[in-house]
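Trainee: There's a structure below that I have some questions on.
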Amino acid sequence: MSAQYEVLDYIGGEWRKPPNAEGVEVRNPATGDVLARSPMAGSVSEAVAAASAAFPEWRAVPPAERIQPLFRLKQLLDENFDAIARVITTENGKTLDEARAELRRGIENVETACGIPLMMQGDNLENVARGIDELMFRQPLGVVTAITPFNFPAMIPLWFLPYAVACGNTFVLKPSERVPLSIVHIMELIGQAGFPPGVVNAVNGGKPVVDALLEHRDVKAVSFVGSTPVARYIYAQAAAHGKRVQCQGGAKNHVVVMPDADRETTSRIVADSAFGCAGQRCLAVSVAVTVGESRDWFCSSIRDLAASLKVGNGLETGVQMGPVITAQSRERIEALIAKGAGQGAQALLDGRGLSVPGYEGGSFVGPTILDGVPAASELTGTEIFGPVLSVVHAGSVEEAIRLISDCEYGNAASIFTSDGAAARKFRHEAPTGNVGVNIGVAAPMAYFPFSGWRASFLGALHAQGKDAIEFYTDKKVVIERWPKEWSRRF
Ligand code: NAD
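Below is the structure:
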């Protein structure tokens with residue numbers, strides 16, 4: 016398949032060819048075919064200028080009117096649901112069901128942001144002193160930007176866009192250069208939804224484009240989702256340029272399997288968490304900590320389940336796991352598996368060297384399970400971002416929590432148990448921002464903050480829900496006195 020899509024910037028309600036449109040290849044990870052070229056130097060100054068020009072009018076639109084294009088966007092996303100899901104699968108590799116699930120989660124954020132007339136309300140108090148009233152209004156910040164990763168091409172931009180514009184800001188998105196096509200489709204729908212030109216913009220590119228956004232005087236806030244090293248860089252640069260910033264970083268998520276967990280359900284859910292989206296979810300389970308006698312039954316049942324997964328092109332019916340994003344990613348994951356094996360882990364299942372008939376150009380890694388990984392090793396500390404589950408063993412829930420605490424990341428952790436006291440202890444003490452109890456992917460809904468602690472998050476306010484409203488508004492406090500004698504003058 017030759018390049019069939021054109022990736023353009025969406026600026027001021029128009030499609031623009033970025034300068035230096037050569038860019039990098041976007042490949043279908045299942046076939047290796049080139050789908051498009053991703054421009055690497057989009058027009059940041061034009062996008063920010065369009066967003067700045069649109070801001071005064073847009074912030075003056077009453078909130079109940081501002082959400083009308085969001086209602087239409089929700090409807091358009093529903094009408095184009097399967098078409099967008101196919102684009103997600105084609106450029107990212109995940110299965111169609113996984114693409115549909117991601118898009119549904121994204122749409123839920125559009126729905127939640129439609130509650131802005133209630134959510135954006137401020138506070139007030141009469142008579143803070145005699146005859147003096149105090150009011151707190153929330154006002155939008157201005158131009159805000161989001162820089163997003165490859166693993167959820169549609170959902171993660173929708174963690175930010177709906178809330179930002181519903182609050183009265185104007186928005187510039189910088190999608191991942193590895194998956195720019197879903198956003199091209201969504202921006203087409205933005206164009207039909209009735210947002211005034213310049214309210215929503217998308218600019219393509221890599222580091223130079225990100226740097227230009229971080230340095231631009233008129234960009235007031237930066238949201239980032241991606242790996243921790245880049246999160247740290249963006250957090251520092253945005254702060255140095257006086258911007259409000261929230262950065263969601265990488266992850267290394269643990270699941271603790273207690274001896275009293277339901278064997279069948281636990282193994283099935285953990286297999287889905289570890290190998291769903293080929294392990295390329297920031298909430299994927301990466302380390303299973305078996306406590307006591309759960310070791311034997313868990314290792315054998317998870318191996319059987321993982322071995323039975325059908326790996327292939329996510330567009331095909333029956334395929335349960337797709338490829339990883341690029342050939343380079345596959346090489347990196349396979350090198351980490353080799354390292355784990357070299358450090359004493361036993362491969363219960365080794366997904367290296369997998370070739371899927373008919374898709375020899377694809378970047379496939381089979382489900383991999385490494386048992387007996389030393390608790391403090393490169394494999395338990397490194398984000399692999401592939402279908403690799405490390406299994407370590409602990410004697411108690413306390414020891415399992417200590418293992419989680421020793422890891423620098425703090426995105427999510429789950430426990431599987433039928434013991435309420437163990438579950439409560441875990442919920443209370445696990446040092447992660449998202450906790451699952453008998454849940455494999457501890458994903459918060461749109462109306463809760465997408466938390467994340469320690470090296471998985473830099474900032475104070477998270478994405479989604481009420482945190483998004485706090486992030487995208489500034490508080491203005493007004494204190495008023497209207498003496499009677501002054502009123503008589505008019
Ligand atoms: P990435 O950090 O490579 O890229 C993310 C974004 O940053 C992209 O838009 C990219 O163009 C840009 N970027 C990359 N390098 C840059 C640099 N040096 N300077 C400025 N900008 C740069 O991440 P990725 O590989 O696309 O995504 C996978 C990562 O995202 C994983 O680490 C995963 O855990 C993380 N992630 C985290 C969450 C979360 O909620 N915490 C959610 C999804 C993904």
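Residues in the sequence shown are numbered consecutively from 16, following the working numbering.
Virtual Cβ for every residue (Gly too), placed ideally from N, Cα, C.
Counting beta carbon pairs with one atom in the region 398-406 and one in the region 249-261, are three or more of them shorter than 8 Å?
Mentor: Because the criterion of three Cβ pairs below 8 Å is not met, the region 249-261 and the region 398-406 do not touch.
Trainee: Whose C-beta lies closer than 6 Å to the C-beta of I147 among residues of the same chain, with five residues either side of it excluded?
Mentor: Taken in chain order, the residues that qualify are R496.
Trainee: Helix, strand or coil, according to DSSP, for R87 in the structure here?
Mentor: Three-state DSSP puts R87 in a helix.
Trainee: Would you mind working out which of L188, C182 and G183 sits nearest L173, comparing C-alpha positions?
Mentor: The candidate whose alpha carbon is nearest that of L173 is L188.
Trainee: Give me the DSSP bridge partner(s) of L418.
Mentor: Per DSSP, none; premise fails for L418.
Trainee: Identify whether A428 lies in helix, strand or coil by the three-state DSSP scheme.
Mentor: Three-state result, A428: strand.
Trainee: Across the region 350-361 and the region 298-312, are there enough close Cβ pairs to call them in contact, namely three or more that are closer than 8 Å?
Mentor: The region 350-361 vs the region 298-312: no contact.
Trainee: Considering only residues of the same chain and omitting the five flanking positions on each side of K267, which have a CB-CB separation below 6 Å?
Mentor: The residues are S301, E398, C422 and Y424.
Trainee: Hey, is Y248 close to the ligand NAD, as in C-beta under 7 Å from one of its heavy atoms?
Mentor: Yes - the ligand NAD has a heavy atom lying nearer than 7 Å to the Cβ of Y248.
Trainee: One question on the structure: do N43 and E106 come within less than 8 Å of each other, judged by their Cβ atoms?
Mentor: Result yes, Cβ atoms of N43 and E106 sit closer than 8 Å.
Trainee: Since Q154 sits in a beta bridge, which residues does DSSP pair it with?
Mentor: Paired residue(s): D489.
Trainee: Hey, is R115's beta-carbon within less than 8 Å of any beta-carbon in chain D?
Mentor: No chain D appears in the structure shown, which is made up of a single protein chain.
Trainee: Along the beta strand (DSSP E) that carries G451, what are the first and last residues, could you check?
Mentor: Taken as a continuous stretch (DSSP letters only), the beta strand (DSSP E) holding G451 covers N449 to V452.
Trainee: Given A69, which residues of its chain have a CB within under 8 Å of its CB, disregarding the five upstream and five downstream residues?
Mentor: The answer, listed in chain order, is G27, T185, P211, P212, G213 and V214.
Trainee: Please state whether DSSP places G333 in a helix, a strand or coil.
Mentor: In this structure, G333 counts as coil in the three-state DSSP scheme.
Trainee: Cβ of R162 within 7 Å of any heavy atom in the ligand NAD?
Mentor: With the sequence shown as reference, residue 162 is identified as Ile, and Arg is not the correct amino acid for it. The answer is yes for I162.
Trainee: Give the secondary structure of R439 by DSSP, where H, G and I count as helix, E and B as strand, and everything else as coil.
Mentor: Three-state result, R439: helix.
Trainee: Just how far apart, CA to CA, sit F486 and H477?
Mentor: Distance between the alpha carbons of F486 and H477 is about 8 Å.
Trainee: Kindly confirm or deny that the region 220-237 and the region 90-107 touch, where touching means at least three C-beta pairs closer than 8 Å.
Mentor: The answer is no - the region 90-107 does not touch the region 220-237, with fewer than three Cβ pairs under 8 Å.
Trainee: Three-state secondary structure (DSSP) at I147?
Mentor: In the structure shown, I147 sits in a strand (DSSP, three-state: E or B).
Trainee: Contact check, M273 vs V412 under 8 Å by CB: the rounded distance?
Mentor: Right, their Cβ atoms sit about 7 Å apart.
Trainee: Pick helix, strand or coil for Q358, following the three-state DSSP scheme.
Mentor: Three-state result, Q358: coil.
Trainee: According to DSSP, simplified to helix, strand and coil, what is W468?
Mentor: If DSSP states are grouped into helix, strand and coil, W468 belongs with the strands.
Trainee: Run the proximity test for N124: is its beta-carbon closer than 7 Å to any non-hydrogen atom belonging to the ligand PLP?
Mentor: The model depicted lacks the ligand PLP and carries the ligand NAD instead.
Trainee: Under 8 Å by Cβ, that's how I've got A428 and V407 pegged, so tell me the actual separation to the nearest angstrom.
Mentor: Their Cβ separation, rounded to whole angstroms, is 13 Å, which puts A428 and V407 out of contact at 8 Å.
Trainee: Whose CA, out of L394, G265 and P498, lies closest to the CA of Q358?
Mentor: Taking only the C-alpha atoms, the option nearest Q358 is L394.
Trainee: Cβ of V456 within 8 Å of Cβ of S316?
Mentor: In this structure, S316 does not lie closer than 8 Å to V456 by Cβ.
Trainee: Which residues share a DSSP beta bridge with E495?
Mentor: E495 is bridged to D148.
Trainee: Which runs of the alpha helix (DSSP H) fall wholly inside the region 209-297 and span at least 4 residues, in chain order?
Mentor: Counting whole runs of 4 or more residues, the region 209-297 contains the alpha helix (DSSP H) stretches 222-230, 243-255 and 278-290.
Trainee: Report the rounded CA-to-CA distance for F463 versus R119, giving the unit in angstroms.
Mentor: One C-alpha to the other measures close to 16 Å.
Trainee: Candidates Y25, V143, G47 and P190: which alpha carbon is nearest V339's?
Mentor: It is G47 whose Cα lies nearest to the Cα of V339.
Trainee: Can you check which of these residues, C182, A445 and C292, is closest to N328 by C-alpha distance?
Mentor: Nearest of C182, A445 and C292 to N328, Cα basis: C292.
Trainee: Cα separation between L156 and H269?
Mentor: Distance between the alpha carbons of L156 and H269: 37 Å.
Trainee: Say the cut is 7 Å; is the CB of N426 nearer than that to a heavy atom of the ligand NAD?
Mentor: Correct: N426 has its Cβ closer than 7 Å to the ligand NAD.
Trainee: Using the Cα positions of V143 and Q263, report the straight-line distance between them to the nearest angstrom.
Mentor: Roughly 39 Å separates the two Cα atoms.
Trainee: What would DSSP say about A69, mapped onto helix, strand or coil?
Mentor: A69: helix per DSSP, three-state reduction.
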